[in-house]
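For reference, the structure discussed in these notes is given below.
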Amino acid sequence: MLIRTLSVLECTKLIAASRVVRLACCRDGQPYVVPIHMTYADRHLYGFSMPGRKITWMRDNPRICVQVDEPGPGRGWKSVVVLGRYEELDDTAENEPERIHAWRLISSRPNWWETGSLSPVHPIVSDHYEHVFFRIIIQEISGREAIDRDE
(Lines of atoms letter the chains of each structure in order from A and count residues from 1; the text may use other names and numbers.)
(Lines give C-alpha, C1' and ligand atoms only; values in the text may rest on other atoms or scores of the structure.)
Protein backbone atom coordinates (compact mmCIF):
# COMPACT_ATOMS: atom_id res chain seq x y z
CA MET A 1 0.00 0.00 0.00
CA LEU A 2 1.30 3.42 -0.95
CA ILE A 3 -0.14 6.58 0.67
CA ARG A 4 0.35 9.91 -1.05
CA THR A 5 -0.86 13.46 -0.52
CA LEU A 6 -3.30 14.82 -3.09
CA SER A 7 -2.67 18.21 -4.67
CA VAL A 8 -5.20 21.01 -4.13
CA LEU A 9 -6.35 20.50 -7.72
CA GLU A 10 -6.87 16.74 -7.14
CA CYS A 11 -8.79 17.50 -3.93
CA THR A 12 -10.95 20.04 -5.73
CA LYS A 13 -11.72 17.61 -8.55
CA LEU A 14 -12.79 14.91 -6.09
CA ILE A 15 -15.04 17.23 -4.09
CA ALA A 16 -16.54 18.69 -7.30
CA ALA A 17 -17.36 15.21 -8.63
CA SER A 18 -18.95 14.06 -5.37
CA ARG A 19 -22.70 14.11 -4.92
CA VAL A 20 -22.90 13.36 -1.23
CA VAL A 21 -20.45 14.62 1.39
CA ARG A 22 -20.31 14.25 5.15
CA LEU A 23 -20.86 17.55 6.92
CA ALA A 24 -19.59 17.87 10.49
CA CYS A 25 -20.48 20.62 12.92
CA CYS A 26 -20.04 21.05 16.64
CA ARG A 27 -22.04 22.67 19.44
CA ASP A 28 -21.19 22.77 23.14
CA GLY A 29 -18.38 20.29 22.59
CA GLN A 30 -20.67 17.73 20.90
CA PRO A 31 -19.84 16.82 17.27
CA TYR A 32 -22.56 15.95 14.76
CA VAL A 33 -21.99 14.45 11.28
CA VAL A 34 -24.57 14.01 8.50
CA PRO A 35 -24.51 13.07 4.82
CA ILE A 36 -25.73 15.90 2.62
CA HIS A 37 -25.87 16.79 -1.07
CA MET A 38 -23.55 19.70 -1.84
CA THR A 39 -22.17 21.26 -5.00
CA TYR A 40 -18.72 22.82 -5.45
CA ALA A 41 -17.99 26.07 -7.31
CA ASP A 42 -15.41 28.84 -6.92
CA ARG A 43 -13.87 27.62 -3.62
CA HIS A 44 -17.32 27.25 -2.05
CA LEU A 45 -19.59 24.33 -1.32
CA TYR A 46 -23.30 25.07 -1.78
CA GLY A 47 -26.17 23.29 -0.09
CA PHE A 48 -29.67 23.63 1.23
CA SER A 49 -31.68 22.03 3.98
CA MET A 50 -34.82 22.22 6.01
CA PRO A 51 -34.35 23.90 9.39
CA GLY A 52 -33.12 21.39 11.92
CA ARG A 53 -30.19 20.33 14.06
CA LYS A 54 -27.37 20.95 11.56
CA ILE A 55 -28.67 24.40 10.63
CA THR A 56 -29.16 25.37 14.29
CA TRP A 57 -25.70 24.12 15.21
CA MET A 58 -23.99 25.82 12.24
CA ARG A 59 -25.73 29.09 13.09
CA ASP A 60 -24.33 28.80 16.62
CA ASN A 61 -20.86 27.70 15.49
CA PRO A 62 -20.10 28.37 11.80
CA ARG A 63 -16.81 26.42 11.86
CA ILE A 64 -17.42 23.17 9.97
CA CYS A 65 -15.67 20.23 8.38
CA VAL A 66 -16.66 18.39 5.21
CA GLN A 67 -15.29 14.98 4.23
CA VAL A 68 -15.65 13.00 1.03
CA ASP A 69 -14.08 9.75 -0.06
CA GLU A 70 -13.96 7.52 -3.07
CA PRO A 71 -13.03 3.84 -3.16
CA GLY A 72 -10.25 2.87 -5.54
CA PRO A 73 -9.09 -0.39 -7.07
CA GLY A 74 -8.46 -3.20 -4.59
CA ARG A 75 -7.96 -1.72 -1.14
CA GLY A 76 -7.24 1.75 -2.56
CA TRP A 77 -9.14 4.93 -1.73
CA LYS A 78 -9.06 8.74 -1.90
CA SER A 79 -10.22 11.04 0.87
CA VAL A 80 -10.57 14.82 1.06
CA VAL A 81 -11.20 16.98 4.12
CA VAL A 82 -12.39 20.59 3.93
CA LEU A 83 -12.25 23.03 6.83
CA GLY A 84 -14.52 25.98 6.31
CA ARG A 85 -17.06 28.46 7.50
CA TYR A 86 -20.86 28.22 7.21
CA GLU A 87 -22.58 31.22 5.66
CA GLU A 88 -26.35 31.31 5.41
CA LEU A 89 -27.83 32.82 2.27
CA ASP A 90 -30.96 34.25 3.82
CA ASP A 91 -33.84 35.47 1.70
CA THR A 92 -32.84 39.12 1.33
CA ALA A 93 -32.34 41.36 -1.69
CA GLU A 94 -28.63 41.51 -0.83
CA ASN A 95 -28.29 37.70 -1.03
CA GLU A 96 -30.62 37.16 -3.99
CA PRO A 97 -27.84 36.85 -6.64
CA GLU A 98 -25.96 34.33 -4.49
CA ARG A 99 -29.15 32.36 -3.73
CA ILE A 100 -29.94 32.18 -7.47
CA HIS A 101 -26.35 31.06 -8.12
CA ALA A 102 -26.65 28.40 -5.39
CA TRP A 103 -30.04 27.24 -6.75
CA ARG A 104 -28.65 26.85 -10.28
CA LEU A 105 -25.63 24.88 -9.07
CA ILE A 106 -27.58 22.63 -6.72
CA SER A 107 -30.48 21.96 -9.09
CA SER A 108 -28.13 20.91 -11.89
CA ARG A 109 -27.52 17.60 -10.05
CA PRO A 110 -29.88 14.60 -10.34
CA ASN A 111 -32.19 14.12 -7.34
CA TRP A 112 -30.72 17.26 -5.78
CA TRP A 113 -33.79 17.97 -3.67
CA GLU A 114 -34.08 14.63 -1.87
CA THR A 115 -32.02 14.99 1.29
CA GLY A 116 -32.56 18.72 1.69
CA SER A 117 -36.33 18.77 1.40
CA LEU A 118 -37.40 15.55 3.06
CA SER A 119 -37.54 14.90 6.76
CA PRO A 120 -38.11 11.68 8.69
CA VAL A 121 -40.49 13.34 11.16
CA HIS A 122 -44.27 13.47 10.93
CA PRO A 123 -46.04 15.61 9.98
CA ILE A 124 -43.73 16.38 7.08
CA VAL A 125 -42.13 19.72 7.83
CA SER A 126 -41.54 20.73 4.21
CA ASP A 127 -45.04 22.21 4.07
CA HIS A 128 -44.31 24.47 7.04
CA TYR A 129 -40.75 25.80 6.72
CA GLU A 130 -38.68 27.55 4.12
CA HIS A 131 -35.57 25.86 2.81
CA VAL A 132 -32.29 27.25 4.09
CA PHE A 133 -29.70 27.91 1.39
CA PHE A 134 -26.11 28.14 2.54
CA ARG A 135 -22.55 27.92 1.40
CA ILE A 136 -19.35 26.73 2.98
CA ILE A 137 -16.42 29.05 2.45
CA ILE A 138 -13.46 26.73 1.97
CA GLN A 139 -10.57 27.83 4.16
CA GLU A 140 -8.44 24.70 3.91
CA ILE A 141 -8.56 21.59 1.74
CA SER A 142 -6.36 18.51 1.95
CA GLY A 143 -6.47 14.92 0.84
CA ARG A 144 -4.75 11.58 0.67
CA GLU A 145 -4.81 8.60 -1.62
CA ALA A 146 -4.04 4.99 -0.85
CA ILE A 147 -2.82 2.98 -3.82
CA ASP A 148 -3.04 -0.78 -3.54
CA ARG A 149 0.24 -2.03 -4.99
CA ASP A 150 -1.06 -5.60 -5.06
CA GLU A 151 -3.90 -4.70 -7.43
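Numbers 4 to 154, taken from the numbering used here, label the letters of the sequence shown in order.
Ideal Cβ placement from N, Cα and C applies to all residues, glycine included.
*Can you name, in chain order, every residue of its own chain whose Cβ lies under 8 Å from the Cβ of K57, other than the five neighbours on each side?*
Only L26, C28, Y35, V37 and I39 meet the Cβ criterion.
*Enumerated in chain order, which unbroken segments of the beta strand (DSSP E) with a length of 3 residues or greater are wholly contained in the region 29 to 81?*
33 to 40, 42 to 44, 47 to 52 and 66 to 74, all fully within the region 29 to 81.
*Could you pull out every residue in the same chain whose Cβ sits closer than 7 Å to the Cβ of E101, ignoring the five residues on either side in sequence?*
So the list reads L92, once near-sequence residues are dropped.
*For V23, does the count of other Cβ atoms within 10 angstroms reach 16, so buried, or fall short, so exposed?*
So V23 ends up on the exposed side.
*Cα separation between M61 and D153?*
M61 and D153: Cα-Cα distance of roughly 43 Å.
_L17, enclosing beta strand (DSSP E) - first and last residue_ = Per DSSP, L17 lies in no beta strand (DSSP E) segment; the continuous alpha helix (DSSP H) that holds it begins and ends at V11 to A20.
*S145 lies in the beta strand (DSSP E); which residues open and close that run?*
For S145, the enclosing beta strand (DSSP E) starts and ends at V135 to I150.
*How many Å lie between R88 and P74 at the Cα?*
Their Cα atoms are separated by approximately 27 Å.
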